[in-house]
Ligand code: SF4
Ligand code: SF4
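Right, here's the structure in full:
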């Protein structure tokens with residue numbers, strides 16, 4: 066009976082592949098077993114100021130979260146917070162946001178200044194809406210940099226779990242919808258009065274000419 070050289074080559078290839086497969090699986094398995102039996106110590110929770118904070122702790126398990134938490138730097142970029150009393154509703158944060166996750170509605174006050182921020186800036190606008198969609202936020206921190214009154218800040222609060230995605234939209238405005246509607250109406254009325262006075266003045270000028 067004649068031998069088939071092509072069949073022999075294919076058979077050898079298959080044997081080689083099978084051996085390689087076993088070798089790879091063995092390597093992965095030994096690594097897993099090694100990690101399983103050597104990781105037998107609890108990870109020490111060290112404060113961020115500790116020199117060894119970033120040092121790798123050998124033979125440790127991961128921490129027992131949420132019973133155990135690793136401290137994070139105070140300057141960490143996690144959840145955004147807005148001190149709305151210090152906001153002048155300038156919209157700069159919303160304009161610079163690369164992903165449009167800040168949604169602000171401002172209403173101009175009809176009485177001029179409505180107060181001052183803690184740094185003495187005049188407040189001329191009401192924040193009828195100030196929502197931040199943290200589900201969209203990419204934590205770039207640009208909004209905190211441009212804020213003239215430094216009232217929008219990144220906090221080190223990272224543990225924020227919600228069941229509904231919509232719950233990641235934080236609402237910072239402290240205005241009720243009724244108040245906002247009233248201020249909108251007052252502004253529209255003032256603008257209409259101004260427009261009417263302007264038209265009357267133009268007509269009077271045309272009539273006198
Ligand atoms: S951190 Fe960046 S992405 Fe998030 S709200 Fe501010 S500007 Fe937008
Ligand atoms: S930049 Fe600051 S002051 Fe201006 S709207 Fe945003 S949070 Fe308010």
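In our numbering, the protein residues as written are 66 to 274.
Quick reminder that beta carbons are idealized off the backbone N, C-alpha and C, glycines included.
Task: alpha helix (DSSP H) runs wholly inside the stretch 193 to 268, at least 4 long, in chain order - done: Along the length of the stretch 193 to 268, whole alpha helix (DSSP H) runs at least 4 residues long occupy 207 to 211, reported in chain order.
- [ ] Taking only runs that begin and end inside the stretch 142 to 188, name each unbroken beta strand (DSSP E) of 3 or more residues, in chain order.
- [x] You should have 145 to 147, 167 to 173.
Task: Identity of the residue in 208, 249, 84, 113 nearest residue 166 by Cα - done: Comparing Cα positions, the closest option is 208.
Open item on the list: Please report the straight-line C-alpha distance between residue 161 and residue 88, rounded to a whole angstrom.
Closed with: Distance between the alpha carbons of residue 161 and residue 88 is about 54 Å.
Open item on the list: Am I right that residue 145 and residue 197 are in contact with their C-beta atoms under 8 Å? What's the rounded C-beta distance?
Closed with: About 5 Å separates the two Cβ atoms, so the contact holds.
Task: Pair within 8 Å by beta-carbon distance, residue 214 and residue 151 - done: The Cβ-Cβ distance between residue 214 and residue 151 falls below 8 Å.
- [ ] Alpha carbon to alpha carbon, how far is residue 86 from residue 78? Give it in angstroms, no decimals.
- [x] Taking the straight line joining both Cα atoms gives about 12 Å.
Task: Alpha-carbon spacing of residue 218 relative to residue 202, whole angstroms - done: The straight-line gap from Cα to Cα measures roughly 13 Å.
Task: Contacting residues, own chain, Cβ-Cβ under 7 Å from residue 240 (five flanking each side not counted) - done: Closer than 7 Å at Cβ, skipping near neighbours: 191, 192, 193.
Open item on the list: Using a 10 Å radius around the Cβ and a threshold of 16 neighbouring Cβ atoms, would you call residue 187 buried or exposed?
Closed with: That one is exposed.
TODO: Indicate whether the contact test is met: 3 or more Cβ pairs, each with one atom in the stretch 223 to 237 and one in the stretch 265 to 274, closer than 8 Å.
DONE: Counting Cβ pairs under 8 Å, fewer than three are found: no touch.
Open item on the list: Does the distance between the C-beta of residue 240 and the nearest non-hydrogen atom of ligand 1 fall short of 7 Å?
Closed with: Distances between the C-beta of residue 240 and the heavy atoms of ligand 1 are all 7 Å or more.
TODO: Label residue 154 either buried or exposed according to how many other C-beta atoms from any shown protein chain fall within 10 Å of its C-beta, with 16 as the threshold for buried.
DONE: The residue in question, residue 154, is buried, as its Cβ has 16 or more Cβ neighbours within 10 Å.
Task: Residue environment, residue 195, which counts as buried when at least 16 other CB atoms sit within 10 Å - done: Buried, because 16 or more other Cβ atoms sit within 10 Å of the Cβ of residue 195.
Task: Whole-Å CB distance - residue 212 paired with residue 158, under 8 Å assumed - done: Yes, residue 212 and residue 158 are in contact; Cβ-Cβ is about 6 Å, under 8 Å.
Open item on the list: Could you check whether residue 222 and residue 143 sit closer than 8 Å to each other, using their CB atoms as the reference points?
Closed with: Yes.
TODO: Compute the distance between the beta-carbons of residue 249 and residue 172, then report whether it is under 8 Å.
DONE: For residue 249 and residue 172, yes; Cβs fall inside 8 Å.
Task: residue 230 CB to nearest heavy atom of ligand 1 below 7 Å - done: No, the beta carbon of residue 230 sits no closer than 7 Å to any heavy atom of ligand 1.
- [ ] Pick helix, strand or coil for residue 125, following the three-state DSSP scheme.
- [x] The answer is strand: DSSP assigns residue 125 an E or B state.
TODO: Take the Cβ of residue 183 as the centre, count every other Cβ of all protein chains shown within 10 Å, and call the residue buried at 16 or more, exposed below.
DONE: So residue 183 ends up on the exposed side.
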